[in-house]
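Okay, structure first, notes after.
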Amino acid sequence: MAADLTNLPHSIWWDKDSDDGISGVYLIDQTRLPLQGDVLRCCTLEGVEIAIKSLALRGAPALGVGAAMAIAVFSENESLANTADEWLQEIDAAATRISAARPTAVNLSWGAEKARDFAHRQISAGVGLSKAKQALVDFAKQMAADDEKTNRAIGVNGAALLMPGSNVLTICNAGSLATAYFGTALGVVYEAYGQGKIDHVWALETRPVNQGARLTTWELKCAGIPSALIADSMAASVMAQGWVDAILVGADRICSNGDTANKIGTLALAVLANHYAIPFYVCAPDSSIDRSLIDGSQIPIEQRDPRELTGFTATGVILPDDEATSTAFDTLTAQGSKALKFKAGHEMLIERKGGGYSFDAWFATTPPNIEVYNPAFDVTPTKLITSIITENGIFNPSKLG
Ligand code: MRU
């Protein structure tokens, strides 16, 4: 039976609002999934930049599309250029800025560079400014469509490696949400499931931001694929019991020697896979390969906010079902929203939303002011990777270059 892709989400798309006629980059706010499926509309470069920094848009291939769309939305809504030269200067600055939003996933600067290069080629070919601007928007939209094609090809290539009835394990979210559509590691799952090659998926929680628990389990449920959530610390146990036939992970940057940066915890999985002789597959588009880097020691690793580790976030909507509670929340949010701070450092922002009140809370779980080390990615050495699967085929990682 094929995976049910009818409810599989697109992470990012371009649209023009029919009321105000303004174009924007639309994306699902992944910080609020799965409880809320808010769609964000970003009409400025800064809007997309904030979405990327806050992880509302995340996952390497989705970041590549996001970078190109950020530059296109800047050109469409914010450009002050009167001449082609001025426009290209603005585009260069926008590309530099969006590339710096996050350091590890090479797709971000790849997407920015593709859009920047396209703009320059248009002008060099003598295309007029207004036509070049429209062409840039079309180009960014096409990148989203191309990303889906790439992921489907990765899916077909990866499925060929799996045995019928496999139990696979994955970390973080390398699914439709991490790409424009379909996914890389989960793209392999979707394709292989249709071929009868997937029995069950183990989804690692992926501390500290829980993209596995929040996003991967949700996606797999949307697609009707049997799966179970496990904490990161349980991976060894399920492997030891013979319950994992293959490990499928995505990538944020692959060096020319095959060393691969991916979500923190990936390296531990590769070490375990090696110990238990389980194939360890990296599934990623060619755009995740950074041929300028010789090995993984050169990959910049993003360090994130210590608060991701020293507490947990909670988000939701309160819908009071009695008058007294409604009145209390109305009083609290008389100005529209209220930021609350509690002892021990807990924080909560309450806002009126629809007929209720949305809340964004952070609850401290550690003593205050402790030292924290919170890298978002680690590097798996090439010798622990069985194969790298791209849209172009299946590669021995040490022969990638
Ligand atoms: O911090 P994130 O959520 O952007 O990290 C994402 C990952 O590590 C993914 O595994 C990687 O980008 C590949 S996504 C197809």
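In numbering that gives the first Met the number 0, the protein residues as written are 0 to 400.
C-beta atoms are modelled at their ideal positions from N, C-alpha and C, and glycine is treated no differently.
From the listed residues M162, D377, A212, M68, the smallest Cα separation to Q29 is found for A212. The region 143-160 makes contact with the region 178-191: 3 or more CB pairs, one atom from each, lie closer than 8 Å.
Rounded to the nearest whole angstrom, the C-alpha separation of F311 and T205 is 13 Å. Rounded to the nearest angstrom, the Cβ distance from A99 to L161 is 38 Å, too far for a contact under 8 Å. Taking the C-beta atoms as reference points, A235 is found no nearer than 8 Å to V281. In this structure, DSSP gives V126 a state outside helix and strand, which the three-state scheme calls coil. The shortest CA-to-CA distance from G264 to any of Q334, N256, P374 is the one to P374.
When rounded, the separation of the alpha-carbon atoms in V378 and L26 is 29 Å.
If you draw a 10 Å sphere on the C-beta of N81, you find fewer than 16 other C-beta atoms in it, and that means exposed. In the structure shown, the three-state DSSP call for I170 is coil. Between G63 and S286, the C-beta gap is smaller than 8 Å, which places the two residues in contact.
In this structure, the beta-carbon distance from I11 to G65 falls below 8 Å. Cβ-Cβ separation between E218 and S175: approximately 6 Å, consistent with a contact (criterion under 8 Å). Distances taken from the Cβ of K262 to the heavy atoms of the ligand MRU include one shorter than 7 Å. In this structure W109 is buried. Its beta-carbon is surrounded by 16 or more other beta-carbon atoms within 10 angstroms.
Unbroken beta strand (DSSP E) runs of no fewer than 3 residues, entirely contained in the region 188-267, are found at 197-203, 226-229, 245-248, 252-254, 259-262, following chain order.
A direct Cα-Cα distance of roughly 47 Å separates P367 from D145. In this structure, the alpha-carbon of G354 lies about 28 Å from that of K15.
Residue T43 holds the alpha-carbon nearest to the alpha-carbon of A67 among L228, T43, Q35.
As for any beta strand (DSSP E) of minimum length 3 sitting wholly inside the region 27-113, the runs are 38-41, ordered along the chain.
S296 and T103 have their C-alpha atoms spaced approximately 12 Å apart.
Three or more Cβ pairs drawn from the region 382-393 and the region 253-260 lie within less than 8 Å of each other, which places the two stretches in contact. At a threshold of 7 Å, A234 does not count as near the ligand MRU, since its beta carbon sits no closer than that to any of the ligand's heavy atoms. Residue range 322-331 is occupied by the alpha helix (DSSP H) that includes D329. Around K132, the same chain offers S74, E75, S78, W86 as residues with beta carbons nearer than 8 Å, after the five sequence neighbours per side are excluded. Around the beta carbon of F138, a 10 Å sphere encloses 16 or more other beta carbons of the protein chains shown; the residue is thus reported as buried. Out of F279, L271, E322, A323, the CA that lies nearest to the CA of V248 is found in F279. Within the model, the alpha-carbon separation for G241 versus I70 is close to 48 Å.
For T312, the enclosing beta strand (DSSP E) has its first and last residue at 310-317.
At least one heavy atom of the ligand MRU falls within 7 Å of the beta-carbon of L54. Taking each of A227, N150, R120, V72 in turn and checking the Cα distance to I97, the smallest one comes out for V72. Within the model, the alpha-carbon separation for V38 versus T178 is close to 16 Å.
At least one heavy atom of the ligand MRU falls within 7 Å of the beta-carbon of V248.
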